[in-house]
Each structure stands twice: as C-alpha cells, then as structure tokens.
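In what follows, a single structure is set out as structure tokens and then discussed.
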Amino acid sequence: AYNTEWLQQQDNQHYLHPFSDHKTLREQGARMIVRADGVYIWDSDGNKILDGMAGLWCTNIGYGQSRLAKAAFDQMNELPYYNSFFQCAHPPVVELAKTIGELAPAHMNQVFFTGSGSESNDTVLRMVRHYWTLKGQPEKFTIIGRHNGYHGSTVAGASLGGMKPMHSQGGLPIPGIHHIPQPYWFGEGGDTTPEEFGIQAARELESAILDIGADKVAAFIAEPIQGAGGVVIPPDTYWPEIKNILARYDILLIVDEVICGFGRTGEWFGSQYYGLEPDFMPIAKGMTSGYMPMGGVIVSDRVAGTFEQEGGEFFHGYTYSGHPVAAAVALENIRLIQENKLVEYVKNDIGPYLQTAWQTLSDHPLVGETRGVGLLGALELVKEKAGRVRFDSELDVGGMCRTLSVSNGLVMRAVGDTMIISPPLVISHSEVDELVSKAREALDLTMEALQA
Ligand code: PLP
Numbered sequence: 007a008y009n010t011e012w013l014q015q016q017d018n019q020h021y022l023h024p025f026s027d028h029k030t031l032r033e034q035g036a037r038m039i040v041r042a043d044g045v046y047i048w049d050s051d052g053n054k055i056l057d058g059m060a061g062l063w064c065t066n067i068g069y070g071q072s073r074l075a076k077a078a079f080d081q082m083n084e085l086p087y088y089n090s091f092f093q094c095a096h097p098p099v100v101e102l103a104k105t106i107g108e109l110a111p112a113h114m115n116q117v118f119f120t121g122s123g124s125e126s127n128d129t130v131l132r133m134v135r136h137y138w139t140l141k142g143q144p145e146k147f148t149i150i151g152r153h154n155g156y157h158g159s160t161v162a163g164a165s166l167g168g169m170k171p172m173h174s175q176g177g178l179p180i181p182g183i184h185h186i187p188q189p190y191w192f193g194e195g196g197d198t199t200p201e202e203f204g205i206q207a208a209r210e211l212e213s214a215i216l217d218i219g220a221d222k223v224a225a226f227i228a229e230p231i232q233g234a235g236g237v238v239i240p241p242d243t244y245w246p247e248i249k250n251i252l253a254r255y256d257i258l259l260i261v262d263e264v265i266c267g268f269g270r271t272g273e274w275f276g277s278q279y280y281g282l283e284p285d286f287m288p289i290a291k292g293m294t295s296g297y298m299p300m301g302g303v304i305v306s307d308r309v310a311g312t313f314e315q316e317g318g319e320f321f322h323g324y325t326y327s328g329h330p331v332a333a334a335v336a337l338e339n340i341r342l343i344q345e346n347k348l349v350e351y352v353k354n355d356i357g358p359y360l361q362t363a364w365q366t367l368s369d370h371p372l373v374g375e376t377r378g379v380g381l382l383g384a385l386e387l388v389k390e391k392a393g394r395v396r397f398d399s400e401l402d403v404g405g406m407c408r409t410l411s412v413s414n415g416l417v418m419r420a421v422g423d424t425m426i427i428s429p430p431l432v433i434s435h436s437e438v439d440e441l442v443s444k445a446r447e448a449l450d451l452t453m454e455a456l457q458a
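Just so you know, the sequence shown maps onto residues 7 to 458 in the UniProt record's numbering.
So this is what it looks like as structure tokens:
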C-alpha cells in the first residue's frame, strides 16, 4: 500500500517537475503512478487507467515486458558501462547500429547515439553545420523549422522547435534558426481545401528560402506528423511539394522520427510512410520503448561519406552515447517488435481498426474533426461545428477534458483544445473499443461540465 498523501507532500516540497504548472500541482497533488502492465497503468490509490499516450509516445511495446528487464540485467552483469570515444566500441552498440541501419531507408546506414530525443536534435544541429563547413560552404548555416514543431527541451532542441512559450521563457531561438507556418489545415486552413492548403503551407518554405537566400539555408527540420503540436497530419500534397523545394535549392532534410519512428505510423519510420529521403533522422522514444533513456541520429550515406572523406574529428559526443545497457534493451525491444510483427499489425490490423472506431466520435457535438494515422489520433474540440468555431482559450476546455478523461480511466493528452492519443502498439481490439468508448465518456463529461 502507498501513502498517497505523504508522497504528494514530499513531491510538493522537493520535486521540481518537468512541464508542469507548480501552482496546480500544489493545489491538486500529483497522481502517483506505481505500476503498469500491457496498456494499463495503476496509481497509488489503486485506479486502473488505460494509457492512451504510451507514456510520452514511447512505450510502443507496452508495459511489463520482462525480456527487456532481463536484457538490461544480463548486460549490466557483462559490461555495465563503456564508451565509444577514442576508437572504442562494444558489441551491443555495434549490433544496434547495424540493426537500425537495416530498418532505415536504404540510403541511411550510419547511426550516432545519444541519451534522448533532445540530445539527438542538438547533435543534428551540429552535424548539419559541420557538413556544410566540410563542403566549403560554412555560410549555409540557417536551419528552418516550423511553428508548433517540437524537437526537445535543450537549448538547440527548443530553438529548432516552434513552441512560443518555450521561446519566450529562455530568450530562444538561438541565432540561425527560422520558423515557417505548420500544415495545420483544421486550425489555419481558412476557406482552402486541404490539398490547396498543403501546397500553400509547403510554399512557405520556398518563400523563407528566397528571403534568407538559398546559399545561407542549411536544412529544413520537421516531424513527419507533428506530435506535441497536436497530431498535425499534413495534407497529401504537402510532403511532395516540400521534397521538390528542397531539391531545387540543395537543402538538407531532417525528419524528426522521435515519435513516428519504430512503428507508430505502420511503417518502421514516418519517412517511409511519406516516401521521404532524409539526410538525418533523429530517433528516441520507441527505440527502447522508453524502458531505458536512449536516442540517436540516423545519417544518410551522403552525409556520413562526407564526414569520412573530408576527415578530421567531429568534436561531439556524450558520456552515454551508445550506452551498452540501453543498447541491449533497444536491441531486445526491436526483436520483440519484429517477432510480434507489430509494425505490420499497426499497418494492416490495429491501425485501421483504431482509425475506424476513432472516426465514430465525429458525431459528438463537441467534435469538429477526428483524424489519425496508424496509432496516432486527434480530436478537435469546438463550440460550433459549422465554421469550426473554437471555445474561448481561457476556458481551457482541452485541459478540462484531459482531467475528466484521466479520472474516468483513460489517459488522453490535450494540446490547447485538441485531444490526442498514441497508445502502445500492442493494444488489442477490445482495448481499442475501451479507449474509444472512454474517449466518448470524457467528451460527455466535458459537455456536462460546460453546461453546469
Ligand atoms: N522530437 C520529438 C518529435 C519529440 O516528440 C520529442 C519529445 O516529445 C523530442 C524530440 C525530445 O525528446 P526527449 O524528450 O527524449 O528529449
């Protein structure tokens, strides 16, 4: 048994939470999550909650996979730590790099390892600039990201991302980063069709390149589907147009796969879902299913070849780059995904099943749009369906819906008034049914609260 009250008191006095409003925490007390199995988590008061977010989009393999615990235990006994600086390596990191290289698009075969998605994006920023310097074009320096993109919380990650509240708290972005609008049709598409809007949003990239000067633009960074920005699924016309523009001006493409990687879209990587040929793919989360902290950057042959041919040391690395225990867990996690054919399961079975069930929520009076790909989904909450009229943001209807949903047994996340889900890939049909009916209950409870 847990003493929830005592834990909450200690939490309030000593623990500075990431991404939390500390005043609300003090008033309400943190929910203490004490154990998990499959797609469920339990809190210290014994409540069982379906984790519709796979933690933070990461427990792809679900909870309670004892093979991952054994992989960690065995590796800790064999070689708990060693680094890969100064011409060293160890078997788990080599095997992991080989495995990931085989899963990635054919032109990407080398991996640099980090401890998280944020570190992966810091690494990318340095690699991009290193690449153009080696190419004799150091003035190709600016990286273009997108409003509401999320690439992590370190200084470079938060700068590459386009989250306004993050920028305003830390004097970000750092110099040499520019942001363009996101391809968010529901919120910003006005009277256009999604197809028209996709082209229009992609052309924002071309305008920015021409404004800055193509000889000064190093790379474009984007998530295949913007996750933390609200599961923003680009119209079909968007990525093909972006590809044309990047090719026209010789600009590198960074596809942030931290959420979409390792099966979430029904392909190993979101780049494969959209037919992209990135130069860099930052990865993390699903690579270990969150059982160990680990990230990486998968690099194209063009970039890796330049690093090799032009020689010299790349002065970059982390104590925990390629940590052997994390690498062993990542390998076992990937083996489990393969043995259970989970990527195929998302593509052909549970993904379509979830999307069909999710669509049924569009008849709810609060829902202006339902959308999704693979095991990602979003609901737009609206005051009036016609004309996509939103609630006053002061009301925080999304936050209300999230709180009511969790208390009612389903973790959904709110991004403004967009409710999002990203459940573990192992979710069963009956668990999807439960997820969707609990989402409907949360919408009903929100309606009641609004009318009260
Ligand atoms: N990139 C994307 C697309 C993410 O969603 C996240 C985390 O949510 C990150 C990067 C940062 O990863 P981490 O929190 O592991 O540093």
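Note that beta-carbon positions come from the ideal geometry of N, C-alpha and C, so glycine has one too.
Cβ-Cβ distance between residue i and residue j below 9 Å
i: Arg270; j: Leu385; result: no
i: Ser295; j: Leu74; result: yes
i: Met287; j: Ala336; result: no
i: Ala229; j: Glu263; result: Sequence check: residue 229 is Glu here, not Ala. For Glu229 and Glu263, yes; Cβs fall inside 9 Å.
i: Ile251; j: Leu282; result: no
i: Ile427; j: Gly236; result: no
i: Pro284; j: Asp242; result: no
i: His185; j: Arg152; result: yes
i: Arg132; j: Phe320; result: yes
i: Leu31; j: Asp17; result: yes
i: Ala162; j: Asn127; result: yes
i: Ile106; j: Gly302; result: yes
i: Asn154; j: Val238; result: yes
i: Glu338; j: Ala77; result: yes
Check: residue i C-beta below 8 Å from any heavy atom of the ligand PLP
i: Pro284; result: no
i: Asn339; result: no
i: His23; result: no
i: Ala290; result: yes
i: Val264; result: yes
i: Tyr156; result: yes
i: Ser295; result: no
i: Pro299; result: yes
i: Leu456; result: no
i: Gly318; result: no
i: Ala334; result: no
i: Ala234; result: yes
i: Trp63; result: yes
i: residue 1; result: With the chain represented from 7 up to 458, any question about residue 1 goes unanswered, as that position is not in the structure.
i: Asn66; result: no
Top-ranked residue by Cα proximity to residue i, from the options
i: Tyr280; options: Gly70, Ala310, Val388 and Lys249; result: Lys249
i: Glu101; options: Pro111, Gln93, Gln116 and Gly168; result: Gln116
i: Val309; options: Asn66, Leu259 and Val40; result: Leu259
i: Glu452; options: Gln278, Val373 and Pro358; result: Going by the sequence as given, residue 452 is Thr instead of Glu. Residue Val373 is the option with its Cα nearest to Thr452.
i: Gly121; options: Gln14, Thr160 and Pro181; result: Thr160
i: Lys141; options: Leu13, Trp364, Ile257 and Glu454; result: Ile257
i: Ala334; options: Asn354, Met82 and Thr376; result: Met82
i: Val379; options: Gln206, Ile265 and Ala110; result: Ile265
i: Tyr297; options: Leu22, Asn66 and Lys29; result: Asn66
i: Asp450; options: Ser277, Tyr137 and Leu410; result: Leu410
i: residue 4; options: Ala207, Asp221 and Ser126; result: Any answer about residue 4 is impossible in this case: the structure gives the chain only from 7 up to 458.
i: Ala224; options: Asp57, Tyr190, Gln232 and Ile183; result: Ile183
i: Ile39; options: Gln14, Phe25, Ala455 and Ser26; result: Gln14
i: Leu431; options: Glu108, Asn18 and Gly58; result: Gly58
i: Asp43; options: Gln71, Thr10 and Ile356; result: Gln71
i: Phe203; options: Gln188, Arg446 and Tyr87; result: Gln188
i: Lys146; options: Met114, Tyr46, Leu62 and Tyr255; result: Tyr255
i: residue 4; options: Asp307, Asp355 and Ala332; result: Nothing in the structure corresponds to residue 4, since the chain is present only between 7 and 458.
i: Gly404; options: Val421, Asn414 and Gly317; result: Val421
Check: residue i C-beta below 8 Å from any heavy atom of the ligand FAD
i: Arg209; result: With respect to small molecules bound, the structure shown includes the ligand PLP and not the ligand FAD.
Where residue i falls, given that 16 or more other Cβ within 10 Å makes a residue buried
i: Thr424; result: buried
i: Leu216; result: exposed
i: Ser434; result: exposed
i: Leu387; result: buried
i: His157; result: buried
i: Thr376; result: buried
i: Lys444; result: buried
i: Gly233; result: buried
i: Arg41; result: exposed
i: Thr366; result: exposed
i: Tyr8; result: exposed
i: Ser277; result: buried
i: Gly177; result: exposed
CB contact below 9 Å: residue i versus chain C
i: Ile427; result: Within the model displayed, chain C is absent; a lone protein chain is all it includes.
Requested in this report: With a floor of 3 residues, list each beta strand (DSSP E) that falls wholly inside the region 32-113, ordered by position along the chain.
Outcome: 39-43, 46-49 and 54-57
| Continuous beta strand (DSSP E) assignments of at least 3 residues falling wholly in the region 117-202 | 148-152 and 183-186
| request: Give, in chain order, every unbroken run of the alpha helix (DSSP H) that is at least 4 residues long and sits entirely within the region 196-262. | output: 200-218 and 244-255
Next on the checklist: Suppose only complete runs of 3+ residues qualify. What are the beta strand (DSSP E) ranges in the region 333-407, listed by chain order?
Outcome noted: 373-379 and 382-387
- Task: Could you name each continuous beta strand (DSSP E) segment of 3 residues or more that falls completely within the region 265-320, going from the start of the chain to the end?
- Result: 286-289 and 301-306
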